[in-house]
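Data first, discussion second: the structure below is written as structure tokens.
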Amino acid sequence: MRSSRLWAWLTFAVGAACFFIPLLATLEFSMRMRRGTYSFDAYKVVFGDPRFQATFSYSVVAAIMTIILGILIVVPAAYWIRLRLPQLRPIVEFITLLPLVIPAIVIVFGYIRMYGSSSPLPLLASSRSTDLLLVIGYATLALPYMYRAVDTGLRTIDVRTLTEAAQILGAGWSTIIVRVILPNVLIAVLSGAFLTFAIVIGEFTMASLLNRPAFGPYLQNIGANRAYEPAALAVIAFAITWGCMSVIQLLSRFAPRSSNRPN
Amino acid sequence: MTELSVPQPALAGNSAPPAEARSLRLPTQWLGVAPFFLFVLLFLILPTLYLVVGAFQTADGTFTLENLAALAQPSIRAAYWISIKVSVASALLGALVGLAIAIAIVRGGLPTWTRSATLTFSGVASQFAGIPLAFAFLATLGRLGLVTVLLNTAFGFNIYAHGFNILSFWGLTLTYLYFQIPLMVVIITPAIDGIRKEWGEAASTLGATQWQYWRMVVIPVIWPSFLGTVILLFANAFGAIATAYALTGSSLNIVPILLYAQIRGDVLHNANLGYAIAFGMIFITGLANIFYIWFRVRSERWLK
């Protein structure tokens, strides 16, 4: 027993070291910009760079649009499948897993070939519609996470009874979804939303191949041309990921734990 | 009477006699999921099918297997090979280390904070991929990285003089481990939780040694979820491009980077060969996921 506990501590310590050393190294490297002393110069340069501000806000807007689009697509479908079409569940679950099977680079390759300016749906023709295509691509990437989060949320409420109660009170479908279902799964939707944000904010492949001025391509550009700023950007990106994940953890404390009707 | 008649129209759509309603209601039934299916069809299935069909066509649209045969040319075959090697190595190593950490925090008798701290951190680290991860590893194990410099000054051991390079197969594998290990921990911990204490007690009551208990109870129970997760990690590494691209530029020729160059500038001078490379990627990750689903189904019966 004693030796097994020692072994467990050792594993835990090695694991912790493996994960903190790169972080500490990155932090240290990012503060080496001024010769001979530690400083936050690299961060100052990064935050002062107008391209950082422009690309970062572009990606934040894209992430928010992605979340809205994801909610609009996933929530009604997941709700309707629970309520009326449970036989479709395996199919829809399979479809929502597809973005994990088909790499992002393949999906965006398909977009570039299908939605070129000579196609029936020329989304690549103008930069505005290419922005839309990027958001659509991001929503596709986030689909597995969004669907799973919403479906887990729906499992904890009694969809049928809530719907019937709302119908008896005279509510239409849009009222039911917006004012009855959505508030009940809001926490699940929000945790899906923050995960989407964490995935989308630094995404490189789609943004780069669609030629959009997003944060991911900017990161790549800085990485290829600068020494200390990339480390500072890595620390910032880690902080953003950490922030999103903490919010999800925090939200899960407020989520209802058990179902009042087993599904 | 009047009070009861108010909700009647609202209910009518819901509780009409089933036989006659079915044919009438069918379109509205499907209306609820139509946006979802339309979206998935337009932006996931059709673009993928377009590439898959293109992989079997010549430039003027006739059926051919030549594109797939052309995948065997040395540069493309080498790209697939190194991609598969990096994905297999990072998946296997990540799975083994992740499993050890998961067992340590669940079964090792450690205080409870270690478990929640590990799971929280794993949740973050498993999502910390892409370009920033490459930056972090350049700052750690690059030529001027902290670990490289420390090893050199403290122990006089120059890892670069001994053949290590962050811009290589092992460099990339090591970098991928940073998200593969935590992903393994996140996925496998529920499976370890599924091993009941009673099983160990039952085994020792029947006179089993610790080794027999592990070999005949624990390993068979977690084996399907272990293999399933290895496959998931494999697919996860296989499709990733951003980390490798930021880390090595195009000096390490993995498939996604080759495809990226092809999409940007048709470096292979054959559009349909590009489709074939994409098809090859889907084929490999698809095959991996079929195995994943199969193992998943087998593992779930123990987790009830």
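From first to last, the protein sequence lines stand for chains A and B. Using the numbering used here, read the first sequence as starting at 1371 and increasing by one per residue. Using the numbering used here, read the second sequence as starting at 6 and increasing by one per residue. Ideal placement from N, C-alpha and C gives every residue a C-beta, glycine not left out.
Flagged as an interface residue toward chain B: VAL1476/A, by a C-beta distance shorter than 7 Å. Proximity of chain A to MET286/B at the Cβ level (cut-off 7 Å) is accounted for by PRO1473, VAL1476, in chain order. The continuous alpha helix (DSSP H) containing ASN241/B extends over residues 224-243.
With a minimum length of 4 residues, the unbroken runs of alpha helix (DSSP H) contained wholly in the segment 241-297 of chain B fall at 247-253, 260-270. For GLY1440/A, the closest Cβ of chain B is not nearer than 7 Å. Using a CB distance cut-off of 7 Å, PRO116/B does not count as an interface residue toward chain A. Short of 7 Å from the beta carbon of VAL1415/A, and not among the five residues preceding or following it, lie these beta carbons of its own chain, in chain order: GLU1599. A Cβ-Cβ contact shorter than 7 Å links ALA139/B with THR248/B. When only Cα atoms are considered, SER256/B and GLN1590/A end up about 15 Å apart. Three or more Cβ pairs closer than 8 Å define a contact, and the segment 170-186 of chain B meets that threshold against the segment 146-160 of chain B.
One thing to note: PHE243/B has its Cβ no nearer than 7 Å to the Cβ of THR180/B.
Cβ-Cβ separation between ILE1618/A and LEU1565/A: approximately 6 Å, consistent with a contact (criterion under 8 Å).
Taking a Cβ-Cβ threshold of 9 Å, the residues of chain B close to GLU1398/A are ALA144, LEU151, in chain order. With respect to ALA1604/A, THR1396/A sits close: the two C-beta atoms are nearer than 7 Å.
Counting along the chain, TYR85/B sits inside the alpha helix (DSSP H) bounded by residues 79-112.
Against chain A, the CB of GLN132/B has a partner CB under 7 Å away; the residue lies at that interface.
Within the DSSP bridge table, the entry for GLN62/B names PHE68/B as partners. Against GLY291/B, the close residues of chain A are VAL1471, in the order they occur along the chain (beta-carbon pairs closer than 7 Å). Just so you know, the alpha carbons of LEU156/B and ALA166/B end up roughly 12 Å apart.
ASP1501/A is classed as buried because its beta carbon has at least 16 other beta carbons within 10 Å across all chains shown. Secondary structure within the segment 1411-1465 of chain A: the alpha helix (DSSP H) runs of 4 or more consecutive residues, fully enclosed, are 1411-1418, 1420-1453 (chain order). Contact of ILE1391/A with chain B by beta-carbon distance below 9 Å involves THR145, LEU151, VAL152. Between the C-alpha atoms of LEU232/B and TYR297/B there is a straight-line separation of about 8 Å.
Rounded to the nearest angstrom, the gap between the Cα atoms of VAL272/B and ALA64/B is 16 Å. DSSP, read as helix, strand or coil, puts LEU1565/A in helix. Listed by position along chain B, the residues whose Cβ is nearer than 7 Å to that of THR1611/A are VAL129, GLN132, PHE133. The beta carbon of GLY1440/A sits closer than 8 Å to those of ALA1509, ALA1512, LEU1513, MET1516, GLY1562, ALA1563, THR1566, all from its chain and outside the five residues before and after it, given in chain order.
Residues of chain B whose Cβ lies closer than 7 Å to the Cβ of LEU1560/A do not exist, since the nearest Cβ in that chain is about 16 Å away. Contact between LEU292/B and GLY1480/A fails: their C-beta atoms lie close to 20 Å from each other, not under 8 Å.
Any Cβ of chain B closer than 7 Å to the Cβ of ALA1584/A would place that residue at the interface, and such an atom is absent. Short of 7 Å from the beta carbon of ALA1448/A, and not among the five residues preceding or following it, lie these beta carbons of its own chain, in chain order: TYR1517, VAL1520, ASP1521, LEU1524. A contact between stretches requires three or more CB pairs, one per stretch, nearer than 8 Å, and the segment 178-196 of chain B meets this requirement with the segment 95-109 of chain B.
Contact fails between the segment 274-283 of chain B and the segment 205-215 of chain B, because fewer than three Cβ pairs, one in each stretch, are under 8 Å apart.
Neighbours of GLY1523/A across chain B, judged by C-beta separation under 9 Å, do not exist; the nearest C-beta is about 17 Å away.
Here DSSP, grouped into helix, strand and coil, assigns ILE197/B to helix.
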